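Heads up: the sequence lines are chains Z and D, in that order. Quick note on the working numbering: the first sequence kicks off at 3 and runs consecutively. Quick note on the working numbering: the second sequence kicks off at 3 and runs consecutively. Read the structure below first, then the notes.
Number of protein chains: 2
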Amino acid sequence: MWFLMNIALLGHGTVGRGVDDIIAHSVPNVQVTRILELPDRLSDPRMTASFDEILADDSVELIVECMGGIEPAHTFIAAALSAGKHVVTSNKAVVAAHFAEFAELAERNGVSFLIEAAVGGGIPWIASIEKVRRIDGVTSFSGIMNGTTNYIMDCMRKEGLDFDVALGRAQELGYAERDPSADIDGIDVANKTIITACVAFDVDCVHDLPVTGIRTVTKRDLDRFASHGLMVKLFGRGVCKDGRYAVAVEPVAIPLMSLEAAVPSNFNIVSLEGVTVGPLKFYGQGAGSLPTGNAIVQDVMDVAAGRSEHFDFSRDLIYDPSLLAGDYVIRSAVEPDHASAWAPGVWKIRNITPVQARSLLEKVWERDPTAFMASIPQEV
Amino acid sequence: MWFLMNIALLGHGTVGRGVDDIIAHSVPNVQVTRILELPDRLSDPRMTASFDEILADDSVELIVECMGGIEPAHTFIAAALSAGKHVVTSNKAVVAAHFAEFAELAERNGVSFLIEAAVGGGIPWIASIEKVRRIDGVTSFSGIMNGTTNYIMDCMRKEGLDFDVALGRAQELGYAERDPSADIDGIDVANKTIITACVAFDVDCVHDLPVTGIRTVTKRDLDRFASHGLMVKLFGRGVCKDGRYAVAVEPVAIPLMSLEAAVPSNFNIVSLEGVTVGPLKFYGQGAGSLPTGNAIVQDVMDVAAGRSEHFDFSRDLIYDPSLLAGDYVIRSAVEPDHASAWAPGVWKIRNITPVQARSLLEKVWERDPTAFMASIPQEV
Chain Z
3 MWFLMNIALL GHGTVGRGVD DIIAHSVPNV QVTRILELPD RLSDPRMTAS
53 FDEILADDSV ELIVECMGGI EPAHTFIAAA LSAGKHVVTS NKAVVAAHFA
103 EFAELAERNG VSFLIEAAVG GGIPWIASIE KVRRIDGVTS FSGIMNGTTN
153 YIMDCMRKEG LDFDVALGRA QELGYAERDP SADIDGIDVA NKTIITACVA
203 FDVDCVHDLP VTGIRTVTKR DLDRFASHGL MVKLFGRGVC KDGRYAVAVE
253 PVAIPLMSLE AAVPSNFNIV SLEGVTVGPL KFYGQGAGSL PTGNAIVQDV
303 MDVAAGRSEH FDFSRDLIYD PSLLAGDYVI RSAVEPDHAS AWAPGVWKIR
353 NITPVQARSL LEKVWERDPT AFMASIPQEV
Chain D
3 MWFLMNIALL GHGTVGRGVD DIIAHSVPNV QVTRILELPD RLSDPRMTAS
53 FDEILADDSV ELIVECMGGI EPAHTFIAAA LSAGKHVVTS NKAVVAAHFA
103 EFAELAERNG VSFLIEAAVG GGIPWIASIE KVRRIDGVTS FSGIMNGTTN
153 YIMDCMRKEG LDFDVALGRA QELGYAERDP SADIDGIDVA NKTIITACVA
203 FDVDCVHDLP VTGIRTVTKR DLDRFASHGL MVKLFGRGVC KDGRYAVAVE
253 PVAIPLMSLE AAVPSNFNIV SLEGVTVGPL KFYGQGAGSL PTGNAIVQDV
303 MDVAAGRSEH FDFSRDLIYD PSLLAGDYVI RSAVEPDHAS AWAPGVWKIR
353 NITPVQARSL LEKVWERDPT AFMASIPQEV
């Protein structure tokens with residue numbers, strides 16, 4: 003079990019350097035022998051700009067992909083698995099887009115494909131779902147899966163900042179990209195929600211789920227929710243019941259005294275419900291060099307110890323958004339269809355699916371692009 | 003890997019029945035073939051009142067101990083391990099009292115000794131600490147490890163109940179025993195704290211740690227803390243630094259907007275801090291037939307899959323309570339030594355260790371047995 007395993011890193015940015023550091027300091031039976039980098043950044047004797055050179059190196063048993071983006075990551079991962087190399091990745095975008103293909107390639111070539119770092123950074127989320135599923139069906143999951151948007155909402159609420167100021171601060175701290183769309187429009191959470199649904203429900207999850215972000219939220223919106231004892235957070239959610247499943251990404255109003263409302267700064271919290279184990283919640287750093295590097299190294303160590311996961315996409319579940327039907331509010335100068343007044347300039351729409359809610363919001367946005375929507379608890 | 007494994011249950015109470023049900027429904031490669039029960043309760047053909055009969059049965063490879071209490075559990079576990087049988091237990095009292103002995107017996111006889119269910123019920127706490135420690139040192143842990151006392155504090159705060167009324171309700175719901183001392187005096191949390199420290203710090207943790215419960219807390223105490231933005235919960239805590247460690251069990255005042263303050267009803271939350279992974283928190287049902295049964299069955303499945311944990315008590319750490327030094331308040335008609343007034347009838351004592359705090363409280367209790375003490379954040 004404690005043989006020496008040679009691995010290669012694709013990418014040596016924040017996450018790649020974290021992996022390199024942790025392995026050098028803490029994992030005696032694994033060594034990073036090759037690193038793929040851009041031609042003008044080959045600062046280390048292990049570095050090469052040629053993926054084919056790494057692929058042809060038979061001493062490399064495992065490839066860690068931490069470049070991000072869809073291409074060339076997709077091509078490289080598929081080639082590595084086809085060449086009989088294990089793959090560990092933190093790249094949620096490419097996994098969400100091609101999960102079933104990668105899992106099948108891994109299966110066919112007798113290697114492991116592991117993705118712990120793609121959702122929840124250092125939180126042992128994927129492994130925990132897999133463990134729960136040895137015994138239990140997972141009936142639902144939900145969570146704050148994006149630290150950037152949690153940081154923004156947390157600053158807005160605690161310090162009374164406007165959205166743009168909070169976003170600017172997140173960018174200064176390196177929590178948000180210069181183009182923050184993937185975070186604030188919910189795309190990052192959508193990728194993590196798709197991946198979680200695949201693992202939790204054994205299904206090749208739909209890619210066109212309803213996705214709404216927090217770009218239009220205002221300080222006044224948060225104050226209004228607070229006056230109802232509520233706080234808004236951006237959630238990814240999924241539910242599975244009677245051969246059907248639903249997934250959605252949207253702002254959700256939750257009680258101020260809930261764990262989710264208390265999640266500070268750029269932390270994540272993810273929850274699942276298992277049949278016998280009941281509800282479980284996991285909290286930690288969802289991003290960053292060392293937490294994400296830690297999750298990757300945990301996967302690498304599992305491969306080195308001969309453990310592997312088999313992702314199964316065989317369940318023939320029907321996608322049915324009505325499983326997540328509930329009440330919504332839309333703050334807008336424009337009155338949406340089927341709405342009743344909830345507060346001045348805020349409309350409540352009862353018992354609609356997340357897909358219907360998203361359609362309503364898009365229609366309102368045609369006339370009022372500042373409109374903000376959130377799912378609310380039934381009793382409010 | 004998927005051979006059929008025969009196991010025996012010692013005890014068929016709440017937890018034992020949960021294990022029996024979960025294995026029958028969800029674990030095809032394991033079967034419960036023997037159950038130890040009292041002579042007047044042998045209602046099932048698998049049952050026997052003779053432990054020696056089970057011990058002598060060579061087809062039984064693993065024994066699940068869920069009787070509770072120190073004896074005869076201690077004798078039975080030691081005998082089972084010595085006979086080359088794996089042991090899985092949910093019994094925190096016997097593990098806290100004899101952990102090093104059991105671990106050594108398991109090691110010597112080449113079998114597994116697993117204890118996931120002893121701390122945090124269905125929460126994968128022990129396994130998560132072990133996983134984190136593959137890479138990271140654990141520098142501290144803390145948590146709400148007792149659902150009964152969390153339920154009492156939560157009721158008192160949310161519904162304004164007196165301690166006795168809240169305790170009575172916990173007893174009606176089956177959360178508290180008729181003699182609630184082990185819960186409300188912190189003994190249960192002390193056992194879980196000792197076990198956690200052993201696993202997290204690789205040390206044979208001291209047994210005479212300072213332990214203070216919540217027996218004397220009043221509704222007015224909680225109101226007073228709330229007016230300072232604080233909520234009190236019963237915590238088990240440990241810290242490890244520079245070759246030293248400390249552990250304590252006591253009421254701790256925490257910010258109202260923290261995750262710990264938001265833990266509802268009889269749920270648990272446990273936290274650790276790892277060097278690279280940062281803080282991680284785990285939330286779930288800390289007790290109950292199915293959650294605890296689930297944790298036991300997870301351990302059984304790990305043994306069936308050939309996985310085993312090795313608990314190491316070899317670290318030569320110095321026990322140093324000053325690592326947990328901080329500020330305390332004592333509410334009492336009697337003024338403690340070295341105290342300043344914090345509020346009418348409430349005294350603040352700065353920068354003392356949990357051991358000193360406990361001594362002060364015991365001295366105050368000699369004249370005022372209603373006194374209540376809590377650790378408070380430095381800035382209050």
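Ideal placement from N, C-alpha and C gives every residue a C-beta, glycine not left out. From a predicted model like this one, the values you see are computed outputs, not experimental measurements.
*Rounded to the nearest angstrom, how far is the Cβ of residue 269 of chain D from that of residue 288 of chain D, given a contact under 8 Å?*
Position 267 of the second sequence holds residue 269 of chain D. Position 286 of the second sequence holds residue 288 of chain D. Going by Cβ atoms, the distance from residue 269 of chain D to residue 288 of chain D rounds to 7 Å, so yes, they are a contact pair.
*Does residue 33 of chain D come within less than 8 Å of chain Z when only Cβ atoms are used?*
The residue given as residue 33 of chain D occupies position 31 in the second sequence. No, residue 33 of chain D lies away from the interface with chain Z (no Cβ there is under 8 Å from its Cβ).
_Burial state of residue 40 of chain Z (16 or more Cβ within 10 Å)_ = Here residue 40 of chain Z corresponds to residue number 38 of the first sequence, with the count starting at 1. Residue 40 of chain Z is exposed by the Cβ-count criterion.
*Spatial neighbours of residue 3 of chain D within its chain, please: CB distance less than 7 Å, with the 5 preceding and 5 following residues excluded, ordered by chain position.*
Residue numbering aside, residue 3 of chain D sits at position 1 when the second sequence is read from its first letter. Only weak support is given to the placement of residue 3 of chain D: the predicted model assigns it a pLDDT of 47, under 50, and the value that follows is read from those uncertain coordinates. Listed in chain order, the non-local C-beta contacts of residue 3 of chain D below 7 Å within the same chain comprise 307, 308, local neighbours out to five positions each way being set aside.
*How about residue 91 of chain D: is its C-beta nearer than 8 Å to some C-beta of chain Z?*
Here the question's residue 91 of chain D lines up with position 89 in the second sequence. Chain Z contact via Cβ: absent.
_Those residues which DSSP pairs with residue 365 of chain D across a bridge_ = To locate residue 365 of chain D, count along the second sequence from 1; it is residue 363. Note: residue 365 of chain D sits in no beta bridge, so no partner.
_Using only the alpha-carbon positions, how far apart do residue 334 of chain Z and residue 115 of chain Z sit?_
The residue labelled residue 334 of chain Z in the question sits at position 332 within the first sequence. The residue labelled residue 115 of chain Z in the question sits at position 113 within the first sequence. So the two alpha carbons sit approximately 45 Å from each other.
*Does the beta carbon of residue 284 of chain Z come closer than 8 Å to any beta carbon on chain D?*
In the first sequence, residue 284 of chain Z corresponds to position 282, counting from 1. For residue 284 of chain Z, the answer is yes, since a Cβ of chain D falls inside 8 Å of its Cβ.
_Close Cβ partners of residue 18 of chain D (< 6 Å) along its chain, the five nearest in sequence each way excluded_ = For the purposes of this step, residue 18 of chain D is identified with residue 16 of the second sequence, where counting begins at 1. The answer, listed in chain order, is 11, 68.
*In the structure shown, what three-state DSSP assignment does residue 177 of chain D receive?*
As a first step, residue 177 of chain D must be located in the second sequence, where it is residue number 175. If DSSP states are grouped into helix, strand and coil, residue 177 of chain D belongs with coil.
*In angstroms with no decimal places, state the Cα-to-Cα distance between residue 75 of chain Z and residue 96 of chain Z.*
Translated into positions along the first sequence, residue 75 of chain Z becomes position 73. Translated into positions along the first sequence, residue 96 of chain Z becomes position 94. Residue 75 of chain Z and residue 96 of chain Z: Cα-Cα distance of roughly 7 Å.
*Using a threshold of 8 Å, state whether the C-beta atoms of residue 355 of chain Z and residue 319 of chain Z are closer than that.*
Residue 355 of chain Z sits at position 353 when you count from the first residue of the first sequence. Residue 319 of chain Z sits at position 317 when you count from the first residue of the first sequence. Not a contact, by the Cβ cut-off of 8 Å.
*Cβ atoms of residue 240 of chain Z and residue 142 of chain Z: under 8 Å apart, would you say?*
Indexing the first sequence from 1 puts residue 142 of chain Z at position 140. Indexing the first sequence from 1 puts residue 240 of chain Z at position 238. Yes, the Cβ-Cβ distance between residue 142 of chain Z and residue 240 of chain Z is below 8 Å.
_Just verifying my parser: in three-state terms, what is the DSSP assignment at residue 317 of chain D?_
Locating residue 317 of chain D in the second sequence gives position 315, counting from the first residue. If DSSP states are grouped into helix, strand and coil, residue 317 of chain D belongs with coil.
*If you measure from the beta carbon of residue 133 of chain D to each beta carbon in chain Z, is any gap under 8 Å?*
For the purposes of this step, residue 133 of chain D is identified with residue 131 of the second sequence, where counting begins at 1. Cβ-Cβ to chain Z under 8 Å: yes for residue 133 of chain D.
*Sort out for me which residues DSSP pairs residue 116 of chain D with in a bridge.*
Within the second sequence, numbered from 1, the residue matching residue 116 of chain D stands at position 114. Beta-bridge annotation (DSSP): residue 116 of chain D is paired with D/90.
_Please give the ranges of any alpha helix (DSSP H) in the region 24 to 80 of chain Z, keeping only runs that are unbroken, at least 4 residues long and fully inside the region._
Within the region 24 to 80 of chain Z, complete alpha helix (DSSP H) segments of at least 4 residues are found at 53 to 58, given in chain order.
*asked:* Just to confirm, is the Cβ distance from residue 29 of chain Z to residue 295 of chain Z under 8 Å?
replied: Position 27 of the first sequence, counted from the first residue, corresponds to residue 29 of chain Z. Position 293 of the first sequence, counted from the first residue, corresponds to residue 295 of chain Z. Their beta carbons are not under 8 Å apart, which means residue 29 of chain Z does not touch residue 295 of chain Z by this criterion.
*Residues in its own chain within less than 7 Å of residue 266 of chain Z by CB, not counting five upstream and five downstream?*
Your numbering for residue 266 of chain Z matches position 264 in the first sequence. Excluding positions up to five away in sequence, the list reads 156.
*asked:* Do residue 216 of chain Z and residue 121 of chain Z count as a contact pair if the criterion is CB distance below 8 Å?
replied: As a first step, residue 121 of chain Z is located in the first sequence; it is residue number 119 there, counting from the start. As a first step, residue 216 of chain Z is located in the first sequence; it is residue number 214 there, counting from the start. The criterion of a C-beta distance shorter than 8 Å is not satisfied by residue 121 of chain Z and residue 216 of chain Z.
_Using a 10 Å radius around the Cβ and a threshold of 16 neighbouring Cβ atoms, would you call residue 14 of chain D buried or exposed?_
The residue given as residue 14 of chain D occupies position 12 in the second sequence. Buried is the call here.
*Between residue 36 of chain D and residue 16 of chain D, is the Cβ-Cβ spacing less than 8 Å?*
On the second sequence, position 34 is the one that residue 36 of chain D refers to. On the second sequence, position 14 is the one that residue 16 of chain D refers to. No; because the gap between Cβ atoms is not below 8 Å, this pair is not in contact.
*Whose Cβ in chain D lies nearer than 7 Å to the Cβ of residue 28 of chain Z?*
Taking the first sequence and counting its residues from 1, the one referred to as residue 28 of chain Z is at position 26. Near residue 28 of chain Z (Cβ distances below 7 Å), the residues of chain D are 137.
*How far does the beta strand (DSSP E) with residue 275 of chain D in it reach, from first residue to last?*
Taking the second sequence and counting its residues from 1, one reaches residue 275 of chain D at position 273. Counting along the chain, residue 275 of chain D sits inside the beta strand (DSSP E) bounded by residues 269 to 276.
*Got a sec: which bits of the region 114 to 133 of chain Z sit with their beta carbon under 7 Å from any beta carbon on chain D, in order along the chain?*
Answer in chain order: 124, 125, 126, 130, 133.
*Cross-chain neighbours of residue 264 of chain D in chain Z, by beta carbon under 8 Å*: Taking the second sequence and counting its residues from 1, the one referred to as residue 264 of chain D is at position 262. Using a Cβ-Cβ cut-off of 8 Å, residue 264 of chain D is close to 259, 260, 261, 263, 264 of chain Z, given in chain order.
*asked:* So with CB distances below 8 Å, who are the chain Z contacts of residue 296 of chain D?
replied: The residue you call residue 296 of chain D lines up with position 294 of the second sequence. Neighbours of residue 296 of chain D on chain Z, chain order: 137, 138, 276, 278, 279.
*Going straight from the alpha carbon of residue 260 of chain D to that of residue 353 of chain D, what length do you get?*
As a working mapping, residue 260 of chain D is identified with position 258 in the second sequence. As a working mapping, residue 353 of chain D is identified with position 351 in the second sequence. Straight-line Cα distance between these residues: approximately 23 Å.
_Extent of the continuous beta strand (DSSP E) run through residue 287 of chain D_ = What you label residue 287 of chain D is simply residue 285 of the second sequence in a count that begins at 1. Residue 287 of chain D -> beta strand (DSSP E) spans 280 to 287.
*Beta-bridge pairing of residue 252 of chain D - partner residues as DSSP gives them*: Stepping through the second sequence from its first residue, residue 252 of chain D is reached at position 250. Listed as beta-bridge partners of residue 252 of chain D by DSSP are D/237.
*On the three-state DSSP scale, how would you describe residue 158 of chain Z?*
Within the first sequence, the letter at position 156 stands for residue 158 of chain Z. Look at residue 158 of chain Z here: in three-state DSSP terms it is helix.
*What number of angstroms, rounded off, separates the C-alpha of residue 370 of chain Z from the C-alpha of residue 336 of chain Z?*
Position 368 of the first sequence, counting from 1, holds the residue named residue 370 of chain Z. Position 334 of the first sequence, counting from 1, holds the residue named residue 336 of chain Z. Cα-Cα distance, rounded: 7 Å.
*Which residue's Cα is closest to the Cα of residue 346 of chain D: D/227, D/299, D/209?*
Here residue 346 of chain D corresponds to residue number 344 of the second sequence, with the count starting at 1. Looking at the Cα atoms, D/227 is the closest of the given residues.
*With a CB to CB cut of under 6 Å and the five nearest residues on each side skipped, what residues in its chain are close to residue 255 of chain Z?*
Counting from 1 along the first sequence, the entry for residue 255 of chain Z is found at position 253. These residues qualify, in order along the chain: 227, 232, 234, 376, 378.
*Confirm, please, whether the CB-CB distance from residue 214 of chain Z to residue 253 of chain Z is below 8 Å.*
The residue given as residue 253 of chain Z occupies position 251 in the first sequence. The residue given as residue 214 of chain Z occupies position 212 in the first sequence. Remark: C-beta atoms of residue 253 of chain Z and residue 214 of chain Z approach each other more closely than 8 Å.
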